[in-house]
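Asks: Per the working numbering, the sequence shown starts with residue -4, numbered consecutively.
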Amino acid sequence: MKFFIDTADLDEIKEANDLGILDGVTTNPSLCAKIGVADFEGHIAKICDLVDGDVSAEVVSTEYDEIVSEARHLADIADNVVVKVPLIKDGIKAIKTLSNEGIRTNCTLCFSATQALLAAKAGATYISPFIGRLDDISDDGMQLIEDIVTIYDNYGFETEVLAASIRHPMHVLESARLGADVATIPLKVIDQLLHHPKTDSGLERFLDDWNKLQKELDNK
Ligand code: E4P
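1) Among Ala111, Asp49 and Arg128, which one has its Cα closest to the Cα of Thr145?
2) Does the distance from the CB of Ala171 to the CB of Ile143 come in under 7 Å?
3) Val20 and Val46 - do their beta-carbons sit closer together than 7 Å?
4) How would you label Met165, buried or exposed, when you count the other beta carbons within 10 angstroms and need 16 or more for buried?
5) For the beta strand (DSSP E) holding Pro124, just list the boundary residues, first then last.
6) Around the C-beta of Pro192, are 16 or more other C-beta atoms found within 10 angstroms, so that it is buried, or is it exposed?
7) Could you tell me the alpha carbon to alpha carbon distance between Val80 and Ile62, rounded to whole angstroms?
8) Could you give the DSSP three-state label for Leu212: helix, strand or coil?
9) Does at least one heavy atom of the ligand E4P sit under 6 Å from the Cβ of Arg128?
10) Do you know how far the Cα of His190 is from the Cα of Val78?
11) In the DSSP assignment, find the alpha helix (DSSP H) that holds Val144 and state where it starts and stops.
12) For Leu212, count the other beta carbons within 10 Å of its own beta carbon; 16 or more makes it buried, fewer makes it exposed. Which is it?
13) Determine the direct distance from the alpha carbon of Ser25 to that of Arg128, and round the result to whole angstroms.
14) Which word fits Asn23, buried or exposed, when buried means at least 16 other C-beta atoms lie within 10 angstroms of its C-beta?
15) Three-state secondary structure (DSSP) at Ser51?
16) Measuring only the C-alpha atoms, how far is Ser51 from Asn101?
17) Report yes if the C-beta of Asn75 is less than 6 Å from at least one heavy atom of the ligand FMN; otherwise report no.
18) Using only the alpha-carbon positions, how far apart do Thr2 and Ile8 sit?
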């Protein structure tokens, strides 16, 4: 399973990258707005320099011609750019064109398995089902991941399932159980994956016992 970090913040990206477990980055217009990105293309170029893996950069156009032209521009920034395209009619059409040109895409804002089927047929590199936003409205985000994984397996689609809108460690665990190819995770949740109170108390006890032994040996 690949781990992407879901942020546009360079410090957060560096921190996750330093752990050695980072396979890529996803950004979106809201994440860029959150940190006040002024030079979008320059910022994506910096992220692409920092990280070896795929970096998703999202178009803000909503009409076919503009989406394709914006996507070509973004794809020129670096080899590891993946262009994020919204799951709308013009987006699906654009993904088909971009896929034929060899430009890799991440089809975003997916909320149903039939949408995911269309994205795969258009040749999207990644599909991003938003599991947290479904859970937010009392729907079942994990069921969507399961349905998409099953459908893609049934027909051998190469589109990778990228679990997005992750809110907590159980989303990561369930996505892994269901065979999602990628999880894009906020830094706070990456930290939560790591910590366990029994690890902390166990380590504290090991070190206390070791230090006691050293004192006893010193006093002999
Ligand atoms: C990433 O690709 C998505 O844009 C992101 O995970 C959405 O997350 P949110 O629902 O927390 O905004």
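Cβ coordinates follow ideal geometry from the N, Cα and C atoms, glycine included.
Replies: According to the structure shown:
1) Ala111
2) no
3) yes
4) exposed
5) Tyr121 to Pro124
6) exposed
7) 8 Å
8) helix
9) yes
10) 33 Å
11) Gly136 to Tyr150
12) exposed
13) 14 Å
14) buried
15) strand
16) 7 Å
17) With respect to small molecules bound, the structure shown includes the ligand E4P and not the ligand FMN.
18) 7 Å
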